[in-house]
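Working notes for the structure below.
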Amino acid sequence: MGNIAPRKDYPMIRLLSVRLIQAILVMVAVTAIAFVMFRFVGDPVASMVREGATQAEKDAVRVALGLDKPVLAQFVKFVGQVLTGDLGTSYRYQQPVTTLLLSRLPATLELVIVATVLALSLGIPLGVLCALKPHAFFSRLTQSATLVGISMPTFVTGLLLILVFAVNLRWLPSSGRGDLVDIGFWQTGFLSLSGLKSLILPSITLALFQLTLIMRLVRSEMIDVLSSDYIRFAFARGLPRTYIYGRLALRNALMPVVTVTGLQIGQLIAFAIVTETVFQWPGMGLLFTNAVGYPDVPVLAAYLLFVGFLFVMINMIVDILYTFIDPRLRTR
């Protein structure tokens, strides 16, 4: 009997395969919800025909939209349109929804990028400092300040910042994106002074809750890791404190931070609605708010699809990052 070669196992491929199947199932469910919203919330025909249109004109539009076909056939057609990037036409703007979302995407992404950088660049160092010196005055003051950051509603934070820095001090603008610079299809405010000034208040408003959450999470995880046996063993061996804190303790403390940060980035994009409304920031959140008031059902359904796809992709990226932070996961 010949030797039987051992079966090779590829945990990374297996992990990605499982996550991909889960992502497909989630997106199918989200697409079904978006279809129900698009098809059964309101009357699409009434929103698209002129006032006083005859029944024959309404029937013609209904046939053109495929609304005279069975629901299953409509759903299959809807899925096909989504896969090709056709998310319908906005009732309010009479433009393709895909074009509307892409035109508002740069504003939202720039706001989220700045808010995420602020939250991470301040939250992680402050969390580590509060964990290393938990009884210091600065640590106690920071802990008290985070309670305010977590408990204060976003719109209240935004209004207070506008009142202080825009109305009273007149240092910063209270609304809009400022002057924009075109880079191909992308309009950015990063390359103009007024654009950068316009980013300050909304990005601080959006980042405050995430900053306090990350700081408290890092502090809690660092304190837990520093009390573990392998950290005591590292100190007993005489390893440098910078190596112990930075390489051993912080690396293990970042595992839950990666999860929370990934999900928070998705939430920043999905729930930037309040911040964009307060500062009249022309992003997808403000587009969604205006769509709710109209109501512009195709925009609402497309926003739901976008947010669902975003969370699915972020979860997959977080799973991949786990394997780099903790190599043990690659062999499980």
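Position 193, counted from 1, in the sequence shown is what my numbering calls 175; the numbers after and before it change by one each time, with no gaps.
From the three backbone atoms N, C-alpha and C, an ideal C-beta is built for every residue, glycine too.
| query | result |
| --- | --- |
| Residues bridged to Pro78 (per DSSP) | Thr71 |
| As assigned by DSSP and simplified to three states, the class of Ile296 | helix |
| Contacts around Met(-17), its chain only, beta-carbon distance under 8 Å, and the 5 residues preceding and following it disregarded | Only weak support is given to the placement of Met(-17): the predicted model assigns it a pLDDT of 46, under 50, and the value that follows is read from those uncertain coordinates. There are no such residues. |
| Selected residue, minimal CA-CA separation from Ile255, among Arg86, Leu(-2), Arg219 and Gln76 | Arg86 |
| Nearest-angstrom Cβ-Cβ length linking Thr80 and Gly62, presumed shorter than 8 Å | Going by Cβ atoms, the distance from Thr80 to Gly62 rounds to 14 Å, so no, they are not a contact pair. |
| Residues of its chain near Ala(-13), where Cβ-Cβ distance is below 7 Å and the 5 sequence neighbours each way are ignored | Low per-residue confidence applies at Ala(-13): pLDDT is 48, beneath 50, and the placement is therefore not dependable, though the value from the model is reported in the following sentence. None. |
| Tyr225, buried or exposed, once every other Cβ within 10 Å from all chains shown has been counted against 16 | exposed |
| Per DSSP, the bridge partner or partners of Gln169 | Asp164 |
| Residue nearest to Leu245 in terms of C-alpha spacing, selected from Leu232, Gly265, Gly290 and Gly158 | Gly290 |
| The stretch 274 to 290 in contact with the stretch 203 to 211 per 3-pair CB rule at 8 Å | no |
| Other residues of its chain near Val0: CB distance less than 6 Å, five sequence neighbours each side excluded | none |
| Exposed unless 16 or more other CB atoms sit within 10 angstroms - verdict on Leu250 | buried |
| Beta-carbon gap between Arg131 and Leu188 smaller than 7 Å | At residue 131 the sequence reads Gly, which differs from the Arg that was named. Against a cut-off of 7 Å, the Cβ pair of Leu188 and Gly131 comes out as no contact. |
| Same chain, Cβ closer than 6 Å to Val149, five either side skipped, listed in chain order | none |
| Three-way DSSP call (helix, strand, coil) for Asp31 in this model | The identity of residue 31 in the sequence shown is Val, whereas the question assumes Asp. In this structure, Val31 counts as coil in the three-state DSSP scheme. |
| Span separating the alpha-carbon of Ile296 from that of Met266 | 18 Å |
| Cβ pair Leu193, Ala101 closer than 7 Å | yes |
| Minimum Cβ-Cβ distance from Arg86 to chain B less than 7 Å | Checking the listed chains, one finds no chain B in this structure; it contains a single protein chain. |
| First through last residue of the alpha helix (DSSP H) which encompasses Val58 | Val53 to Leu65 |
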